[in-house]
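Presented below is the structure to which this report refers.
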DNA sequence: GCGTTTATCTTGCCAGTGTCAAGATTATTT
DNA sequence: AAATAATCTTGACACTGGCAAGATAAACGC
């Protein structure tokens, strides 16, 4: 926007913003760096210095997504009184709601191998979000426990259920749930999360 | 292979095979039609007549994947005696095992928007597989039921749990489970599936 | 048998992509 | 004020998928 300056000032965050916007209405699969650059009013090779490669941009974007995700979860936890509600329902709904609200970002974060998940920043952001979710639901930090006896299978099962529901809804499966209107759908999701399994 | 013939004979299925192979060791994200064509010993534009576009190929590949998926599930059902075992564990394990064995194909089928899921062939193949899974676990066809009271929330919950576990394992989350050796991991998955939730 | 039509595959081109190298421009430091 | 570093542009490269026009082979009608 600032055409007067040769140096943009904060190009890095500007590119991230535009990339996020571009992704959210065109899909992750067909993201074009050149398009994003044009949208930011900058040359097509301006990325290199800030992100290295396209993967660098997507990695940063995914990391940003995970901190946003973590915030959405903690917001839900703070909003709902811990005494009154079932935390699995509350946090699970927030988990799923985030997936539906930021569908493209969510699929970048989870259903793609485009970002570099070994990147320390991304790794830390994602772990933080997961830990927070598990802690909210179970009151303990179970992700770091390993060894055969140490795994909290209940926590894993709940996480899997919530995550599976989110992705199945996101990818257009579960049409009987998707065809419901907003309030009925929320109700249905609540019921699915609440049920005992068998 | 048959260099003597100008007309390949069964190029369509040959291209599908090579594409599947290429995907499985290079990933879905970076599939190149030209590379597949070269591998099949054919020109880069030979696709057009058989699949139309790249999406056509991926759609056919996904459809093939779903029938394969359905067969893996029914195989598991037939192998394990229905009386002895918990069907959720049996079918769930087969579901997850398929995901781990054909990881790239699985992510094409579920975690991508590259295929055209409105394609009748693909739609039918996927629905068939899902129906079979639900029927195996619950003995009834619940996917077609809709309306607020008609949804089988227990079946949905179990499906979500199994699918979530598959995708979380596939994308490298749940490290404490992934770090186990094969038999211990199977045991852990079994436990996660068996637990009641709360 | 032969000629025509149809299906299949190739060649050549196009606009578009991400990446790299070299240079221009501005900020920062010394 | 000079030197250095950071930032951005320009131009090229190899590669991608899609399209048009033509070559080749098969199938069909007679």
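Chains as they are written, first to last, in this note's numbering: chain A, 34 to 231; chain B, 34 to 231. Idealized CB from N, CA, C, for every residue including glycine.
Asked	Found
Interface partners of residue 84 of chain B on chain A, CB under 7 Å	Residues of chain A passing the Cβ test: none, with the nearest at roughly 18 Å.
Cross-chain neighbours of residue 123 of chain A in chain B, by beta carbon under 9 Å	What residue 123 of chain A touches in chain B: nothing, since even the nearest Cβ is about 13 Å away.
Min CB distance residue 144 of chain A to chain B below 8 Å	yes
Contact residues within the segment 210-223 of chain B, judged by C-beta distance below 8 Å to chain A	210, 212, 213, 217, 220, 221
Chain A contacts made by the segment 42-75 of chain B, where a contact means CB separation under 7 Å	60, 62
Three-state secondary structure (DSSP) of residue 178 of chain A	Because residue 178 of chain A sits at a pLDDT of 46, beneath the cut-off of 50, its placement in the model cannot be relied upon, and the following sentence gives the value as read from the coordinates. Residue 178 of chain A: coil per DSSP, three-state reduction.
Close-in-space but distant-in-sequence residues of the same chain around residue 190 of chain B (CB under 6 Å, 5 per side omitted)	none
Any chain B beta carbon closer than 8 Å to residue 196 of chain A	yes
Within-8 Å CB hit, residue 187 of chain A to chain B	yes
Within 8 Å, strictly: CB atoms of residue 194 of chain B and residue 155 of chain B	no
Length of the line joining the Cα atoms of residue 124 of chain A and residue 88 of chain B	37 Å
C-alpha gap between residue 164 of chain B and residue 44 of chain B, whole angstroms	32 Å
Proximity test, Cβ basis, 8 Å: residue 181 of chain B and chain A	With a pLDDT of 44 at residue 181 of chain B, under the threshold of 50, the modelled position of that residue is not reliable, and no figure is offered here.
For residue 199 of chain B, three-class secondary structure by DSSP	helix
Beta-carbon proximity check, residue 99 of chain B vs residue 48 of chain B, cutoff 8 Å	no
Cut-off 7 Å between Cβ atoms - residues of its own chain near residue 145 of chain A, not counting five sequence neighbours on either side	61
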